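Student: This is the structure, below, for whatever I ask next.
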Amino acid sequence: MNPKALAIVGPTASGKSELAVAVARRLDGEIVSMDSRQVYRGMDVGTAKLPVVERGGIAHHGLDLMDPDRSYSAGAFAREAHGWIAAIRDRGRVPILVGGTGFFLRALTHPIFGEPDLDPTRRRALRSWLAARSRAELARWTRALDPDRSTLAEAGGPQRLLRTLEVALLTGRALSWWHRHAPAEQGALSALVALVELPREELDRRIDGRVTRMFDGGLVEEVRGLLAKGYGSHDPGMTWVGYREVLALLRGELDPDQATDRIRKATRAYARRQATWFRNQLPRAVFRVDG
Numbered sequence: 558m559n560p561k562a563l564a565i566v567g568p569t570a571s572g573k574s575e576l577a578v579a580v581a582r583r584l585d586g587e588i589v590s591m592d593s594r595q596v597y598r599g600m601d602v603g604t605a606k607l608p609v610v611e612r613g614g615i616a617h618h619g620l621d622l623m624d625p626d627r628s629y630s631a632g633a634f635a636r637e638a639h640g641w642i643a644a645i646r647d648r649g650r651v652p653i654l655v656g657g658t659g660f661f662l663r664a665l666t667h668p669i670f671g672e673p674d675l676d677p678t679r680r681r682a683l684r685s686w687l688a689a690r691s692r693a694e695l696a697r698w699t700r701a702l703d704p705d706r707s708t709l710a711e712a713g714g715p716q717r718l719l720r721t722l723e724v725a726l727l728t729g730r731a732l733s734w735w736h737r738h739a740p741a742e743q744g745a746l747s748a749l750v751a752l753v754e755l756p757r758e759e760l761d762r763r764i765d766g767r768v769t770r771m772f773d774g775g776l777v778e779e780v781r782g783l784l785a786k787g788y789g790s791h792d793p794g795m796t797w798v799g800y801r802e803v804l805a806l807l808r809g810e811l812d813p814d815q816a817t818d819r820i821r822k823a824t825r826a827y828a829r830r831q832a833t834w835f836r837n838q839l840p841r842a843v844f845r846v847d848g
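Below you can see the structure in the form of structure tokens.
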């Protein structure tokens, strides 16, 4: 194996971002974010985006790419990331991939399928309708429409389920079918993968602390600002954990304690799904790091 990049992965709040900065300093590297939430501009607090002052002067790619009303797929990430990685290597530096979005890593280490063209008007209408459904309902439909992909889709965030369903409903073929039959757009990236692991109790403690810091750091004000710009609950970026609960808080459906508790519980559940996905899906060329 001749790895072209180093990847640092693991569940949310495991300390990946800070580790990546330390490694980048040591190896003269640049960082490529593999976080499907941090691609959105104006969504810093709720996505735990590493502040600029904590990035140590290390170049970061893959942050603040688009507004919250747009979708961003693993295929789109792979196309852009291959370019970032090539440019980093051309500069004589080490590409360091970091994040918890497993499908982004998989899109790089396995040739990505060509994505089907979806009519934008029909897609927006379907997204709006699906966004009003519960996660349990979306998961049930995913198991019915795309059983081969359902486990992976359920392990991700709500956007993963929505993407799986919209392709199945608008093309008449499951997304797993497109994986198998559409031509690959990029070659596979050879990467050395480091999985950051923590005991469950420690990870839960970190998550609880992070949620408290988010509220103290202006999460509610961030959501108010996004609403003032015209974004709402049906926009892809606003469906993530943290944002949907604060939206409910601002609508008067939850009080602050209830919103905080729900975010903590939902984030813990998300971290469990991430950890399970990485354990089951990562290639064998992995070494594990205690957080």
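In this text, residue positions in the sequence shown follow the numbering used here: the first is 558, and each later residue adds one.
Glycine is no exception: its CB is placed at the ideal position from the N, C-alpha and C atoms.
In this text, all values refer to a predicted model and were calculated from it rather than measured experimentally.
(1) Can you name the residues that DSSP bridges to Ser571?
(2) Give me the Cα-Cα distance between Gln831 and Gly794, rounded to the nearest whole angstrom.
(3) Check for me: the alpha helix (DSSP H) holding Gly766 runs from which residue to which?
(4) By the DSSP assignment, the beta strand (DSSP E) with Leu675 in it spans what residues?
(5) How big is the Cα-Cα spacing for Lys561 and Asp585?
(6) With DSSP run on the structure shown, which of helix, strand or coil describes Tyr800?
(7) Measuring alpha carbon to alpha carbon, tell me which residue in Leu662, His667, Arg825, Glu778 is nearest Met591.
(8) Count the CB pairs spanning the region 708-728 and the region 612-624 that are closer than 8 Å, and state whether there are at least three.
(9) Indicate whether Thr824 and Arg737 have their beta-carbon atoms separated by less than 9 Å.
(10) Tell me Glu778's beta-bridge partners as DSSP assigns them.
(11) Enumerate in chain order the residues of its own chain whose CB-to-CB distance from Arg650 is below 7 Å, with the five nearest sequence positions on each side excluded.
(12) Contact between the region 750-766 and the region 774-788 is defined here as three or more beta-carbon pairs at a separation below 8 Å; is this criterion met?
(13) If I measure Cβ to Cβ from Ile764 and keep anything under 8 Å in the same chain, skipping five residues before and after, which residues do I get?
(14) Nearest by alpha-carbon distance to Pro625: which of Met600, Trp641, Ala644 is it?
(15) In whole angstroms, what separates the C-alpha of Gly567 from that of Gly657?
(16) Considering only the alpha carbon of each residue, which of Ala689, Thr604, Arg680 lies closest to Thr728?
(17) To the nearest angstrom, how far is it from the Cα of Ala842 to the Cα of Asn559?
(18) Sort Leu746, Glu575, Ala725, Arg801 by Cα distance to Val609 and report the nearest one.
(19) For Ser593, count neighbouring C-beta atoms within 10 Å of its own C-beta (all shown protein chains included) and say buried if the count is 16 or more, exposed if not.
(20) Pop quiz: Val602 and Met623 are said to be a contact at Cβ under 8 Å. What is the actual Cβ separation, rounded to whole angstroms?
(21) Distance, Cα to Cα, Arg697 vs Thr721?
(22) Spatial neighbours of Tyr629 within its chain, please: CB distance less than 6 Å, with the 5 preceding and 5 following residues excluded, ordered by chain position.
(23) I'd like the list of long-range same chain contacts for Val578, defined as Cβ closer than 8 Å, with 5 residues on each side in sequence excluded.
(24) Give every residue of the same chain whose Cβ lies closer than 8 Å to the Cβ of Arg598, excluding the five residues on either side of it in the sequence, and list them in chain order.
(25) Over the uninterrupted alpha helix (DSSP H) stretch that includes Leu695, give me the two end residues.
(26) Would you mind stating whether Trp703 and Ala688 have Cβ atoms separated by less than 9 Å?
(27) What residue from Val777, Pro813, Asp792, Ala751 has the CA that sits closest to Arg836's CA?
(28) Starting from Leu637, trace the alpha helix (DSSP H) both ways and give me its first and last residue.
(29) For Asp705, tell me which candidate among Pro715, Trp734, Ser691 has the shortest Cα-Cα distance.
(30) To the nearest angstrom, report how far apart Phe772 and Asp812 are at their CA atoms.
(31) Let me know if Gln815 comes out buried or exposed under the rule of 16 or more other beta-carbons within 10 Å of its beta-carbon.
Tutor: So, from the data block:
(1) For this step, residue 571 is matched to residue 14 along the sequence shown. Paired residue(s): none; Ser571 is not in a bridge.
(2) If you number the sequence shown from 1, residue 831 lands on position 274. If you number the sequence shown from 1, residue 794 lands on position 237. Computed Cα separation, rounded: 19 Å.
(3) The residue given as residue 766 occupies position 209 in the sequence shown. Note, Gly766: alpha helix (DSSP H), 757-773.
(4) Counted from its first residue, the sequence shown places residue 675 at position 118. That residue, Leu675, is in no beta strand (DSSP E); it is neither H nor E in DSSP.
(5) Residue 561 sits at position 4 when you count from the first residue of the sequence shown. Residue 585 sits at position 28 when you count from the first residue of the sequence shown. In this structure, the straight-line span from the alpha carbon of Lys561 to that of Asp585 is close to 14 Å.
(6) Translated into positions along the sequence shown, residue 800 becomes position 243. Of the three classes helix, strand and coil, the one that applies to Tyr800 here is helix, per DSSP.
(7) Here residue 591 refers to the residue found at position 34 when the sequence shown is read from its first residue. Per the Cα distances, Leu662.
(8) Cβ pair count under 8 Å is below three, so no.
(9) Your numbering for residue 824 matches position 267 in the sequence shown. Your numbering for residue 737 matches position 180 in the sequence shown. The answer is no: Cβ separation not under 9 Å.
(10) For this step, residue 778 is matched to residue 221 along the sequence shown. None; Glu778 has no bridge partner.
(11) For this step, residue 650 is matched to residue 93 along the sequence shown. Only Asp585, Gly586, Glu587 meet the Cβ criterion.
(12) The region 750-766 makes no contact with the region 774-788; the number of CB pairs closer than 8 Å stays below 3.
(13) Along the sequence shown, read from residue 1 onward, the residue named residue 764 stands at position 207. These residues qualify, in order along the chain: Thr569, Ala570, Arg821, Thr824, Arg825, Ala828.
(14) Looking up residue 625 in the sequence shown gives position 68. Among Met600, Trp641, Ala644, the Cα nearest to that of Pro625 belongs to Met600.
(15) Walking along the sequence shown from the start, residue 567 turns up at place 10. Walking along the sequence shown from the start, residue 657 turns up at place 100. Cα-Cα distance, rounded: 5 Å.
(16) Locating residue 728 in the sequence shown gives position 171, where the first residue counts as 1. Closest by C-alpha distance to Thr728, out of Ala689, Thr604, Arg680, is Arg680.
(17) As a first step, residue 842 must be located in the sequence shown, where it is residue number 285. As a first step, residue 559 must be located in the sequence shown, where it is residue number 2. Model confidence at Ala842 stands at a pLDDT of 49, short of 50, so the residue's coordinates are unreliable and nothing is read from them.
(18) Along the sequence shown, read from residue 1 onward, the residue named residue 609 stands at position 52. The shortest Cα separation from Val609 among Leu746, Glu575, Ala725, Arg801 belongs to Glu575.
(19) To locate residue 593, count along the sequence shown from 1; it is residue 36. With 16 or more other CB atoms across the displayed protein chains lying within 10 angstroms of its CB, Ser593 is buried.
(20) As a working mapping, residue 602 is identified with position 45 in the sequence shown. As a working mapping, residue 623 is identified with position 66 in the sequence shown. With 8 Å as the limit, Val602 and Met623 do not qualify as a contact, their Cβ atoms being about 18 Å apart.
(21) To locate residue 697, count along the sequence shown from 1; it is residue 140. To locate residue 721, count along the sequence shown from 1; it is residue 164. Straight-line Cα distance between these residues: approximately 12 Å.
(22) Within the sequence shown, numbered from 1, the residue matching residue 629 stands at position 72. Annotation for Tyr629: Val596 place their beta carbon closer than 6 Å to its own, counting only its chain and skipping 5 residues before and after.
(23) The residue labelled residue 578 in the question sits at position 21 within the sequence shown. Cβ within range, chain order: Ile588, Leu607, Glu611, Arg612, Gly613, Ile615.
(24) Residue numbering aside, residue 598 sits at position 41 when the sequence shown is read from its first letter. Leaving aside the five residues that flank Arg598 on each side, the residues in its chain whose CB is nearer than 8 Å to its CB run, in chain order, Asp621, Leu622, Met623, Asp624, Pro625.
(25) Numbered from its first residue, the sequence shown carries residue 695 at position 138. Secondary structure note for Leu695: its alpha helix (DSSP H) is the uninterrupted segment 692-702.
(26) The sequence position of residue 703 within the sequence shown is 146, counting from 1. The sequence position of residue 688 within the sequence shown is 131, counting from 1. The sequence shown places Asp at residue 703, rather than the Trp named in the question. The answer is no: Cβ separation not under 9 Å.
(27) Stepping through the sequence shown from its first residue, residue 836 is reached at position 279. Cα-wise, what sits closest to Arg836 is Ala751.
(28) Within the sequence shown, residue 637 is the residue found at index 80, counting from 1. Before going on, a small fix: residue 637 reads as Glu here, not Leu. Counting along the chain, the unbroken alpha helix (DSSP H) around Glu637 starts and ends at 631-647.
(29) Position 148 of the sequence shown, counted from the first residue, corresponds to residue 705. Answer by Cα proximity: Trp734.
(30) Sequence index remark: in the sequence shown, residue 772 carries index 215 (1-based). Sequence index remark: in the sequence shown, residue 812 carries index 255 (1-based). Annotation: Phe772 to Asp812 spans about 13 Å, alpha carbon to alpha carbon.
(31) Counting from 1 along the sequence shown, the entry for residue 815 is found at position 258. By the neighbour-count rule (16 or more Cβ atoms within 10 Å), Gln815 is not buried but exposed.
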